[in-house]
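A.B. asks: Just so you know, the sequence shown maps onto residues 1 to 383 in this note's numbering. Beta carbons: idealized from backbone N, C-alpha and C, even for Gly.
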Amino acid sequence: MDDPLLRWRDEFPILQRTAYLVSHSMGAMPRSARGWVARYLDAWEGEGVRAWEAWEPYVREHADRIALLIGAPGGSVVLHQNVSTLFGGLLSALVRPGGRRKVVATELNFPSLLYALRGWTALGLQLHLIRCPDGATVPLDAWREAVDGHTLAVVVDHGIFRSGFLQDVESIGELARRQGAWVVVDAYQTVGCVPFRVQDWPADAVLGGSHKWLCGGPGAAWMYVNPERADELAPALAGWFGHRDPFAFDLELEYAPGAARFATGTPGVASLLAARAGLEVVLQVGVQAVRRKSQALGQRMIELADSLDLEVRSPRDPERRTGMVVVDFPGAEEAARELVRQGVLVDYRPGAGIRLSAHFYTHPHEVETAFEVLGRRVRRPVR
Ligand SMILES: Cc1ncc(COP(=O)(O)O)c(C=O)c1O
Numbered sequence: 001m002d003d004p005l006l007r008w009r010d011e012f013p014i015l016q017r018t019a020y021l022v023s024h025s026m027g028a029m030p031r032s033a034r035g036w037v038a039r040y041l042d043a044w045e046g047e048g049v050r051a052w053e054a055w056e057p058y059v060r061e062h063a064d065r066i067a068l069l070i071g072a073p074g075g076s077v078v079l080h081q082n083v084s085t086l087f088g089g090l091l092s093a094l095v096r097p098g099g100r101r102k103v104v105a106t107e108l109n110f111p112s113l114l115y116a117l118r119g120w121t122a123l124g125l126q127l128h129l130i131r132c133p134d135g136a137t138v139p140l141d142a143w144r145e146a147v148d149g150h151t152l153a154v155v156v157d158h159g160i161f162r163s164g165f166l167q168d169v170e171s172i173g174e175l176a177r178r179q180g181a182w183v184v185v186d187a188y189q190t191v192g193c194v195p196f197r198v199q200d201w202p203a204d205a206v207l208g209g210s211h212k213w214l215c216g217g218p219g220a221a222w223m224y225v226n227p228e229r230a231d232e233l234a235p236a237l238a239g240w241f242g243h244r245d246p247f248a249f250d251l252e253l254e255y256a257p258g259a260a261r262f263a264t265g266t267p268g269v270a271s272l273l274a275a276r277a278g279l280e281v282v283l284q285v286g287v288q289a290v291r292r293k294s295q296a297l298g299q300r301m302i303e304l305a306d307s308l309d310l311e312v313r314s315p316r317d318p319e320r321r322t323g324m325v326v327v328d329f330p331g332a333e334e335a336a337r338e339l340v341r342q343g344v345l346v347d348y349r350p351g352a353g354i355r356l357s358a359h360f361y362t363h364p365h366e367v368e369t370a371f372e373v374l375g376r377r378v379r380r381p382v383r
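1. Smallest Cα separation from V183: which of C215, R229, A220 and A370?
2. Can you check whether the CB of A238 is closer than 7 Å to the CB of V78?
3. For T151, report the span of its beta strand (DSSP E) as first-last.
4. Mind the definition here: the stretch 185-194 touches the stretch 108-119 only if three or more C-beta pairs lie below 8 Å; say whether that holds.
5. What is the DSSP secondary structure of D186, counted as helix, strand or coil?
6. Quick one, which of E174, V344 and G268 has its alpha-carbon nearest D204's?
7. On the three-state DSSP scale, how would you describe K293?
8. Is Q299 close to ligand 2? I mean its beta-carbon at under 6 Å from any heavy atom of the ligand.
9. Just to confirm, are V367 and L297 a CB contact at a threshold of 7 Å?
10. Does the distance from the CB of W213 to the CB of G192 come in under 7 Å?
11. Going along the chain, which residues of its own chain have a beta-carbon closer than 8 Å to the beta-carbon of R101, five neighbours each way excluded?
12. Is the distance from the Cβ of R244 to the Cβ of A263 below 7 Å?
13. Residue range of the alpha helix (DSSP H) that V78 falls in?
14. Please go through the same chain and pick out, in chain order, the residues whose beta-carbon is closer than 8 Å to the beta-carbon of D168, but skip the five residues on each side of it.
15. Taking the alpha helix (DSSP H) that L339 belongs to, which residues open and close that run?
16. For G209, verify whether its CB is less than 6 Å away from any heavy atom of ligand 1.
17. CA-CA distance, P195 and A358?
18. Give the DSSP bridge partners of G353, in chain order.
19. Contact check, C215 vs V281 under 8 Å by CB: the rounded distance?
20. Please classify T137 as buried or exposed, where buried requires at least 16 neighbouring CB atoms within 10 angstroms.
21. Under 6 Å from any heavy atom of ligand 1, by CB: list those residues in chain order, please.
22. In the DSSP output, which residue or residues are listed as bridge partners for Q126?
23. Would you tell me roughly how many angstroms separate the C-alpha atoms of A33 and R178, rounded to the nearest one?
24. State the DSSP-derived secondary structure class of V22, mapped to helix, strand or coil.
25. Among L207, A72, A335 and D347, which has the Cα closest to the Cα of V155?
26. Does the Cβ of F247 have 16 or more other Cβ atoms within 10 Å, making it buried, or fewer, making it exposed?
27. To which residues of the same chain is L6 closer than 8 Å at the C-beta, ignoring the five residues directly before and after it?
28. If we ignore side chains and look at the alpha-carbon of each, how far apart do A19 and D347 end up?
29. For L225, which three-state DSSP category applies?
30. Please report how far the alpha carbon of H24 lies from the alpha carbon of L108, in whole angstroms.
31. If we count the other Cβ atoms within 10 Å of its Cβ and call it buried at 16 or more, is P30 buried or exposed?
32. Cutting at 8 Å between CB atoms, please list the residues of its own chain near L253, excluding the five before and the five after it.
33. When you compare only the Cα positions, how much space is there between V225 and A54?
34. How about R320 and L166: do their beta carbons lie closer than 7 Å?
Next up, the structure:
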């Protein structure tokens with residue numbers, strides 16, 4: 001046991017009781033999250049309305065910690081309960097009467113954002129969905145063919161949730177920008193697992209959240225908005241926390257500068273505090289270290305899957321893959337339930353298969369255990 005990252009295991013109580021291979025869906029809770037939530041309750045109980053004196057700067061601080069993680073300047077990140085709402089706010093600024101209407105996404109995007117796009121078709125948006133016949137990858141040429149001078153925006157999932165395929169955000173962003181389109185990236189599947197700096201990307205907005213690789217629990221999503229373009233955006237989905245001066249209670253809508261204009265109403269402080277513990281751990285561990293480890297254990301998962309003749313739905317090249325490996329075979333759904341019953345936490349997605357992932361806290365034994373259970377299901381010994 002010479003992997004120094006394994007020392008973090010004590011900080012995550014669930015790792016004592018389960019083989020935790022599901023951080024692509026919900027990261028394990030750090031022990032210290034309890035203390036951050038207790039701070040919230042103490043302030044609310046003891047200070048009542050005066051708690052806002054601490055909570056307001058805290059919300060800004062949390063956004064700036066996210067900015068630090070994703071390579072964004074301070075003040076360029078806005079927080080919300082979930083990505084879908086932030087994306088709705090962004091669409092409400094992009095879709096304008098008489099303007100461009102075509103938005104390009106793929107049938108492998110996370111469905112919640114596709115639902116938002118479909119919802120906006122009632123208000124004139126034209127959704128162009130790139131078909132992905134293999135159910136796992138999106139060829140760059142398909143983006144080249146789909147994006148043209150009528151395109152309002154592209155919506156690119158950095159990591160595909162069904163397969164772990166990593167998209168080439170640089171190339172897609174550049175080809176979209178050449179056509180004058182806005183570039184929106186959903187990085188929920190990669191933040192905290194695949195290193196990136198949003199300022200190195202040709203991107204106008206990048207969305208993500210805390211409950212996966214950031215071990216932050218639900219309710220703490222965020223959106224980076226390119227500071228050079230944020231002030232062009234006038235979201236129709238607006239609220240007082242997105243006003244330049246919320247406590248002026250002005251009757252006119254004067255947007256806050258930058259990303260903050262997307263804040264809408266009162267922030268969910270408790271979720272943001274709960275999310276802080278995991279964020280601090282990931283910042284300390286470093287996303288590069290997470291990446292090295294999840295790539296190595298991912299390769300081991302692929303070896304084990306091959307030894308059982310399971311179909312590997314994820315790219316075999318670790319550079320083209322998020323931290324997740326997806327395997328499929330007849331009966332995979334029931335096998336996933338069996339794994340969970342045996343304390344090996346994974347998940348199953350229809351049209352994809354069983355999704356497994358290793359984080360910085362994963363012990364190699366957990367991976368071996370998962371495939372031993374699968375081996376018993378498919379009735380072949382693990383080589
Ligand atoms: C790519 C991607 N985007 C977004 C989400 C979540 O969206 P929301 O924050 O709206 O629940 C997920 C999964 O939870 C995801 O995998």
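C.D. replies: Looking at the atomic coordinates:
1. Position 183 of the sequence shown, counted from the first residue, corresponds to residue 183. Among C215, R229, A220 and A370, the Cα nearest to that of V183 is on R229.
2. Numbered from its first residue, the sequence shown carries residue 78 at position 78. Numbered from its first residue, the sequence shown carries residue 238 at position 238. In this structure, A238 does not lie closer than 7 Å to V78 by Cβ.
3. Against the sequence shown, residue 151 aligns to sequence position 151. Run containing T151: T151 to D157, per the beta strand (DSSP E) assignment.
4. Yes, the stretch 185-194 touches the stretch 108-119.
5. Here residue 186 corresponds to residue number 186 of the sequence shown, with the count starting at 1. Residue state for D186 is assigned as strand, using DSSP reduced to three classes.
6. As a working note, residue 204 is residue 204 in the sequence shown. Ranking the options by Cα distance to D204, first place goes to E174.
7. As a working note, residue 293 is residue 293 in the sequence shown. It is helical.
8. Ligand 2 is not among the ligands present in this structure, which contains only ligand 1.
9. Position 367 of the sequence shown, counting from 1, holds the residue named residue 367. Position 297 of the sequence shown, counting from 1, holds the residue named residue 297. In terms of Cβ geometry, V367 and L297 form a close pair [threshold 7 Å].
10. In the sequence shown, residue 213 corresponds to position 213, counting from 1. In the sequence shown, residue 192 corresponds to position 192, counting from 1. For W213 and G192, yes; Cβs fall inside 7 Å.
11. For the purposes of this step, residue 101 is taken as residue 101 along the sequence shown, with counting starting at 1. In the same chain as R101, and ignoring 5 residues on each side of it, the C-beta atoms closer than 8 Å to its own belong to V95, G124, L125, Q126, H150 and L152, in chain order.
12. The residue labelled residue 244 in the question sits at position 244 within the sequence shown. The residue labelled residue 263 in the question sits at position 263 within the sequence shown. Not in contact: R244 and A263 (Cβ atoms no closer than 7 Å).
13. Counted from its first residue, the sequence shown places residue 78 at position 78. Run containing V78: none in the alpha helix (DSSP H); it sits in the beta strand (DSSP E), V77 to H80.
14. Walking along the sequence shown from the start, residue 168 turns up at place 168. Same-chain partners within the cutoff: L140.
15. Reading the sequence shown from its first residue, position 339 is the one you call residue 339. Note, L339: alpha helix (DSSP H), A332 to R341.
16. Along the sequence shown, one-based indexing puts residue 209 at 209. Flag set: Cβ of G209 near ligand 1.
17. Reading the sequence shown from its first residue, position 195 is the one you call residue 195. Reading the sequence shown from its first residue, position 358 is the one you call residue 358. Near 15 Å, if we compare the C-alpha coordinates of A358 and P195.
18. In the sequence shown, the residue the question calls residue 353 occupies position 353. Note: G353 is bridge-paired with R349 in the DSSP secondary-structure output.
19. Here residue 215 refers to the residue found at position 215 when the sequence shown is read from its first residue. Here residue 281 refers to the residue found at position 281 when the sequence shown is read from its first residue. With a Cβ gap of about 6 Å, C215 and V281 count as contacting.
20. The count along the sequence shown starts at 1 and reaches residue 137 at position 137. If you draw a 10 Å sphere on the C-beta of T137, you find 16 or more other C-beta atoms in it, and that means buried.
21. Qualifying residues, in the order they occur: N82, V83, S84, F110, S112, D157, F161, D186, Y188, Q189, G209 and A221.
22. Position 126 of the sequence shown holds residue 126. Beta-bridge pairing links Q126 to K102.
23. Residue numbering aside, residue 33 sits at position 33 when the sequence shown is read from its first letter. Residue numbering aside, residue 178 sits at position 178 when the sequence shown is read from its first letter. Between A33 and R178, the C-alpha separation is close to 44 Å.
24. Taking the sequence shown and counting its residues from 1, one reaches residue 22 at position 22. Looking at V22 - three-state DSSP - the assignment turns out to be coil, as it is neither helix nor strand.
25. Position 155 of the sequence shown, counted from the start, is the residue given in the question as residue 155. Comparing Cα-Cα distances from V155 to each of L207, A72, A335 and D347, the minimum goes to L207.
26. Stepping through the sequence shown from its first residue, residue 247 is reached at position 247. Classification for F247: exposed.
27. In the sequence shown, residue 6 corresponds to position 6, counting from 1. If we look at L6 and ignore the five residues flanking it on each side, its Cβ neighbours are Y361 and H363.
28. For the purposes of this step, residue 19 is taken as the residue at position 19 of the sequence shown. For the purposes of this step, residue 347 is taken as the residue at position 347 of the sequence shown. Distance between the alpha carbons of A19 and D347 is about 13 Å.
29. Taking the first residue of the sequence shown as 1, we reach residue 225 at position 225. With the sequence shown as reference, residue 225 is identified as Val, and Leu is not the correct amino acid for it. Strand.
30. Taking the sequence shown and counting its residues from 1, the one referred to as residue 24 is at position 24. Taking the sequence shown and counting its residues from 1, the one referred to as residue 108 is at position 108. Cα-Cα distance, rounded: 16 Å.
31. Here residue 30 refers to the residue found at position 30 when the sequence shown is read from its first residue. P30 should be labelled buried.
32. Stepping through the sequence shown from its first residue, residue 253 is reached at position 253. For L253, where only same-chain residues beyond five positions count, the Cβ hits under 8 Å are A238 and H243.
33. As a position in the sequence shown, residue 225 is number 225, starting the count at 1. As a position in the sequence shown, residue 54 is number 54, starting the count at 1. If I take the Cα positions, the gap works out to 25 Å.
34. Counting from 1 along the sequence shown, the entry for residue 320 is found at position 320. Counting from 1 along the sequence shown, the entry for residue 166 is found at position 166. In this structure, L166 lies closer than 7 Å to R320 by Cβ.
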